């Protein structure tokens with residue numbers, strides 16, 4: 062039976078304790094031999110002498126969740142993962158805070174690492190999420206994703 | 299026939315509203331209406347989603363469908 066679509070969105074920054082709680086929750090899954098974790102952090106770019114102090118994320122949530130569900134299904138099958146969890150922030154995230162948490166687990170390391178990397182690349186390219194970079198003086202610009 | 303179109307990201311900011319109602323029968327008609335009414339949006343790259351799927355070729359649209367205009371993604 063197909064599982065219910067998982068929500069990936071978290072309002073506000075992803076806290077370090079949220080991440081450690083998720084790791085701890087996997088100790089009972091003893092078939093796992095390796096986890097791979099990617100954490101995206103809001104970077105304080107300097108653009109035309111102005112410093113980015115936060116990124117405000119919005120999404121077409123219903124579509125993003127459907128797209129993520131399809132990505133998840135493909136990647137779990139391709140790498141025979143034990144499990145995969147993805148969390149993405151919405152709202153204003155200050156520079157230095159975590160806005161993306163991708164967590165893949167498998168019996169062996171290579172599958173976990175490769176799956177994590179592919180998931181990050183695919184979600185950045187395929188999920189309808191937008192980041193507005195906010196500068197210290199209150200002005201803003203729309204973020205553009207660069208390759209890797 | 300009027301259809302509702304959701305706007306996201308920079309497009310929402312530029313139009314000043316999160317939803318438009320336009321009289322169109324297919325996605326090419328929608329592009330033409332956008333070009334005529336919102337030339338500043340037409341200057342940007344955007345994708346059209348019908349019922350949460352990106353459409354690349356001209357597609358008929360009905361009022362009950364969920365339409366959205368999506369600027370380039372920048373999540374993560």
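Protein chains in written order, with the working numbering: chain A, 62 to 209; chain B, 299 to 374.
Note that CB positions come from ideal geometry on N, CA and C, so glycine has one too.
These numbers come from a predicted model, not from an experiment.
- Item | Extent of the continuous beta strand (DSSP E) run through residue 302(B) | Segment 300 to 305, the beta strand (DSSP E) holding residue 302(B).
- Query: Taking Cβ-Cβ distances below 7 angstroms as the criterion, which residues of the stretch 141 to 152 of chain A are in contact with chain B?
  - Reply: Under the 7 angstroms Cβ criterion, the stretch 141 to 152 of chain A contributes 149.
- Task: Any chance you could list the beta strand (DSSP E) runs of at least 3 consecutive residues sitting entirely within the stretch 80 to 146 of chain A, in chain order?
- Result: If we require 3 residues or more, the beta strand (DSSP E) runs fully inside the stretch 80 to 146 of chain A come out as 95 to 102, 111 to 120.
- Query: Which residues in the same chain as residue 177(A) place their Cβ atom closer than 8 angstroms to its Cβ, once the five residues preceding and following it in sequence are excluded?
  - Reply: 97, 98, 99, 163, 164, 165
- 8 angstroms contact criterion, which residue 366(B) and residue 118(A) should meet: CB distance rounded: At roughly 17 angstroms, the Cβ-Cβ gap does not stay under 8 angstroms, so residue 366(B) and residue 118(A) are not in contact.
- Selection of the stretch 147 to 181 of chain A by Cβ proximity to chain B, strictly under 8 angstroms: 149, 160, 161, 181
- Task: Round the Cβ separation of residue 303(B) and residue 320(B) to the nearest angstrom and send it over; I've been treating them as touching at under 8 angstroms.
- Result: 6 angstroms
- Item | beta strand (DSSP E) segment containing residue 357(B), residue limits | Here residue 357(B) belongs to no beta strand (DSSP E), and DSSP marks it neither H nor E.
- Message: Please list the terminal residues of the continuous beta strand (DSSP E) segment that includes residue 165(A).
- Response: 159 to 167
- Could you list the residues in the stretch 305 to 323 of chain B with a C-beta less than 9 angstroms from some C-beta on chain A, going in chain order? 306, 307, 308, 310, 311
- Item | Beta-carbon neighbours of residue 110(A), restricted to chain B and to distances below 9 angstroms | Chain B residues near residue 110(A): none, gap ~22 angstroms exceeds 9 angstroms.
- Message: Going by DSSP in three states, residue 363(B) sits in which element: helix, strand or coil?
- Response: Of the three classes helix, strand and coil, the one that applies to residue 363(B) here is coil, per DSSP.
- How would you list, in chain order, the residues of chain B whose beta-carbon sits under 8 angstroms from the beta-carbon of residue 190(A)? Per Cβ cutoff of 8 angstroms: 371, 372, 373, 374.
- Message: Short of 9 angstroms Cβ to Cβ, which residues in the stretch 71 to 95 of chain A face chain B?
- Response: none
- Given that a residue counts as buried once 16 or more other Cβ atoms are within 10 Å of its Cβ, and exposed if not, what is residue 343(B)? exposed
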